[in-house]
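Just below is one structure, and these are the notes that go with it.
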Amino acid sequence: MKLSVILCTKNEEKNIKRCLDAIMAQTRKPDEIILVDAYSTDRTVEIAKQYPVKIFYDKRDLGTARDLGWKKAKGDIVVFTDVDAYPDKHWLEEIERAFSEHPEIGGVQGRSVIIGNEKLSERFHRRALKAKYFTFTHGANMAFRRKVLEEVGGFDSNKNCGWEDMDIGYRVSRKYKILYVPTAIVYEVKKGEERTERTIKRNVKYWFLFAKKHRRYDLLIRPIFYAFYSVSQGKIREGMLQFVEFFKNLPMLLCGSKRDEG
2 MKLSVILCTK
12 NEEKNIKRCL
22 DAIMAQTRKP
32 DEIILVDAYS
42 TDRTVEIAKQ
52 YPVKIFYDKR
62 DLGTARDLGW
72 KKAKGDIVVF
82 TDVDAYPDKH
92 WLEEIERAFS
102 EHPEIGGVQG
112 RSVIIGNEKL
122 SERFHRRALK
132 AKYFTFTHGA
142 NMAFRRKVLE
152 EVGGFDSNKN
162 CGWEDMDIGY
172 RVSRKYKILY
182 VPTAIVYEVK
192 KGEERTERTI
202 KRNVKYWFLF
212 AKKHRRYDLL
222 IRPIFYAFYS
232 VSQGKIREGM
242 LQFVEFFKNL
252 PMLLCGSKRD
262 EG
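Numbering (my numbering), first residue to last: 2 to 263.
Written out as structure tokens, the structure is:
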């Protein structure tokens with residue numbers, strides 16, 4: 002079994018060394034590391050070239066970059082993480098073990114620990130242990146069999162799916178099980194806790210795009226829940242912005258529904 006690790010970068014000179022050092026320190030070495038760079042203007046590529054990394058370029062979007070990455074990969078198992086994260090030294094060993102012991106699964110979701118927000122990470126971890134299998138995947142720590150990615154057509158590069166990692170996980174989970182592997186750990190270093198107006202607008206829009214594409218309208222309760230939660234935590238402006246964006250995106254959903262019915 003060969004493992005390919007896929008990284009996507011854009012101006013990540015502050016993070017790339019930490020991430021690659023952690024990958025090179027794995028107890029189970031990767032068979033290849035592929036980096037897809039969005040034409041960084043800092044020293045990201047210069048630093049990456051100091052490691053045994055195959056570098057490709059694509060500046061369109063993350064979904065397209067991930068798609069290019071796995072298609073260039075030679076491994077039977079394609080593993081994804083983010084450059085502003087770094088894996089535990091047993092990460093690849095645990096992923097390989099999961100695929101070897103569970104030939105029926107199509108993918109693996111590892112455990113993510115958010116540095117500075119360990120309580121949230123632990124809460125998510127406990128819920129994941131009970132569920133055992135995932136419907137959606139998180140791009141900082143996910144892996145798939147190459148043949149499964151080929152079967153589902155890879156990542157959506159048309160920008161109509163919302164989150165590309167959530168979308169690929171959902172499409173894979175409709176045909177195969179995605180196993181939660183809590184021993185395959187990645188540490189995520191977030192750039193800041195405060196959510197910007199741009200981030201909030203993007204997130205609400207992505208929920209609508211995903212719901213529209215897959216007709217999972219039940220998921221639209223989530224941005225409403227997050228809005229109420231923000232208000233309950235005293236983040237009034239953030240919560241109100243989420244409410245406003247929710248109603249601003251409704252016409253897009255309604256128009257899509259009418260076309261589907263017609």
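Each residue gets a CB set at the ideal place from its N, CA and C atoms; glycine is no exception.
Quantities reported herein were computed from a predicted structural model and do not represent experimental measurements.
Residues that residue i bridges to, as DSSP identifies them
i	result
Thr-10	Asp-38
Leu-4	Ile-78
Ser-113	Val-187
Pro-88	Val-187
Arg-146	Ile-78
Tyr-181	Gln-110
Glu-33	Ser-5
Lys-55	Ile-35
Whole-number beta carbon distance between residue j and residue i, since they are thought to touch under 8 Å
i	j	result
Leu-220	Phe-211	7 Å
Ala-86	Glu-189	5 Å
Lys-3	Gly-76	4 Å
Asp-166	Met-143	6 Å
Selected residue, minimal CA-CA separation from residue i, among the options
i	options	result
Leu-130	Ile-48, Ile-35, Thr-184	Thr-184
Val-343	Glu-165, Lys-90, Ser-5	The structure shown does not extend to residue 343, since the chain is modelled only from 2 through 263, so no value can be given for it.
Trp-288	Lys-30, Glu-105, Met-253, Glu-13	No statement about residue 288 is possible, as the shown extent of the chain runs from 2 to 263 and does not include it.
Ile-35	Gly-170, Ile-24, Ser-233, Tyr-134	Ile-24
Leu-242	Met-253, Pro-252, Tyr-227, Leu-254	Tyr-227
Glu-13	Thr-197, Glu-33, Glu-152, Ile-48	Ile-48
Val-245	Lys-15, Gly-235, Lys-236, Val-205	Val-205
Lys-236	Arg-217, Phe-57, Ile-17, Ile-201	Ile-201
Lys-50	Pro-104, Lys-18, Asp-32, Lys-120	Lys-18
Arg-203	Tyr-218, Asn-250, Ile-222, Arg-172	Asn-250
Cβ pair residue i, residue j closer than 9 Å
i	j	result
Thr-10	Val-84	yes
Thr-138	Ile-106	no
Phe-125	Ser-174	no
Thr-45	Asp-38	yes
Phe-247	Ile-225	yes
Lys-72	Lys-55	no
Ile-7	Arg-67	yes
Counting Cβ pairs, one atom from each stretch, are 3 or more of them under 8 Å apart for the region 104-113 and the region 175-183?
As far as the Cβ criterion goes, the region 104-113 touches the region 175-183, which means the pair count is three or higher.
Can you find at least 3 beta carbon pairs, one from the region 157-177 and one from the region 111-125, that sit closer than 8 Å?
Verdict: no, contact absent.
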